[in-house]
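Everything on this sheet refers to the single structure shown next.
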Amino acid sequence: MNANLKIAPSILAADFARLGEQIAEAEAAGADLIHVDVMDGHFVPNITIGPVVIEAVRRSTSLPLDVHLMLSEPDRYLEAFAKSGADALTIHIEVCQNIRQSLQRIRDMGLRAGITLNPDTPITDISEVITDIDQVLVMSVNAGFGGQTFIEQSITRIEQARSMLDRENPQANLAVDGGINLTTASRVTQAGANILIAGHAIFQGENSIGAEILALRKAAQST
Ligand code: DX5
Ligand code: ZN
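Per the numbering used here, residue 50 is the first one in the sequence shown, and the count goes up by one each step.
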């Protein structure tokens with residue numbers, strides 16, 4: 050059993066008209082983080098939410114807010130997202146002009162800094178900043194939409210990221226995002242991920258949000 054396992058519900062799949070209520074249900078069931086997907090309609094085709102919604106989410110929960118920035122120009126908005134109440138900001142390596150500087154700015158504001166990679170980006174790209182990060186997020190679908198199917202090659206990519214982190218930054222978290230459900234959960238934890246981000250499996254499952262979180266945690270811990 051991995052004591053470091055964290056379940057991070059992705060609110061993209063929640064009912065936004067009942068967001069506070071659904072986050073409270075997730076928190077009561079033992080969710081460890083709330084994952085927030087910010088999309089700009091440019092880096093990814095979809096548009097989701099911005100700092101004003103994060104401010105409201107901040108008021109509704111004491112859980113850390115793990116904010117995933119799918120933006121073409123994340124540098125323009127780092128302060129705004131920090132002020133909105135985010136605890137961690139994860140930026141895409143594909144868009145950053147000066148990734149080291151962006152990560153440092155996030156850390157200087159007192160937040161945890163993460164780097165993420167889409168499925169076609171080589172994992173080895175993290176090597177240049179591996180010691181400057183608090184988490185690596187391996188995308189197991191192409192960023193942009195919830196409810197997509199888990200990409201099989203992600204397992205090898207997680208293993209690769211895990212061994213790089215074990216060597217160079219063992220304290221850092223390794224997160225996985227996209228298509229995480231009762232079937233994929235144990236496979237990604239065995240490959241070395243310790244943060245499991247899940248939207249549809251939690252908010253649009255057959256059972257209550259709380260029951261889905263408990264089931265996902267159990268599945269992730271099974272070998
Ligand atoms: C996709 C987002 C994910 C998404 C996951 O771009 O980053 O966080 O909400 O959704 P599911 O778990 O439904 O695949
Ligand atoms: Zn995400």
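Where is the CB? At the ideal position from N, CA and C, for every residue including glycine.
Which same chain residues end up closer than 8 Å to R149 when comparing Cβ atoms and leaving out the 5 residues on each side of it in sequence?
Mapped onto the sequence shown, residue 149 falls at position 100. Taken in chain order, the residues that qualify are E177, V178, D181.
Would you tell me roughly how many angstroms separate the C-alpha atoms of H249 and D215, rounded to the nearest one?
Sequence index remark: in the sequence shown, residue 249 carries index 200 (1-based). Sequence index remark: in the sequence shown, residue 215 carries index 166 (1-based). Taking the straight line from one Cα to the other gives about 30 Å.
Give me, in chain order, the residues of the same chain whose beta-carbon lies closer than 8 Å to that of M50; leave out the 5 immediate sequence neighbours on both sides.
Here residue 50 corresponds to residue number 1 of the sequence shown, with the count starting at 1. In this prediction, M50 has a pLDDT of 48, which is less than 50 and means its spatial position is unreliable; what the coordinates show is noted afterwards. Counting only Cβ-Cβ distances below 8 Å, and skipping sequence neighbours, we find Q270.
What does the alpha-carbon distance come out to for the pair L118 and V102?
Residue numbering aside, residue 118 sits at position 69 when the sequence shown is read from its first letter. Residue numbering aside, residue 102 sits at position 53 when the sequence shown is read from its first letter. Their Cα atoms are separated by approximately 14 Å.
Under 6 Å, CB to any heavy atom of the ligand ZN. Which residues pass, going along the chain?
Matched residues: S59, H84, D86, H117, D226, I246.
Roughly how many angstroms separate the alpha carbons of N53 and P171, rounded to a whole number?
For the purposes of this step, residue 53 is taken as residue 4 along the sequence shown, with counting starting at 1. For the purposes of this step, residue 171 is taken as residue 122 along the sequence shown, with counting starting at 1. Cα to Cα, N53 sits roughly 26 Å from P171.
For V190, is the beta carbon positioned less than 8 Å from some heavy atom of the ligand DX5?
If you number the sequence shown from 1, residue 190 lands on position 141. Answer for V190: yes, Cβ within range of the ligand DX5.
With 16 as the cutoff for other CB atoms within 10 Å, does K267 come out buried or exposed?
The residue given as residue 267 occupies position 218 in the sequence shown. K267 is exposed by the Cβ-count criterion.
Check whether the stretch 153–162 and the stretch 191–199 touch, using three or more Cβ-Cβ pairs below 8 Å as the test.
No contact exists between the stretch 153–162 and the stretch 191–199.
State the CB to CB distance for the pair I72 and T97, rounded to an integer number of angstroms; the pair is presumed to be in contact (CB under 8 Å).
Reading the sequence shown from its first residue, position 23 is the one you call residue 72. Reading the sequence shown from its first residue, position 48 is the one you call residue 97. With 8 Å as the limit, I72 and T97 do not qualify as a contact, their Cβ atoms being about 16 Å apart.
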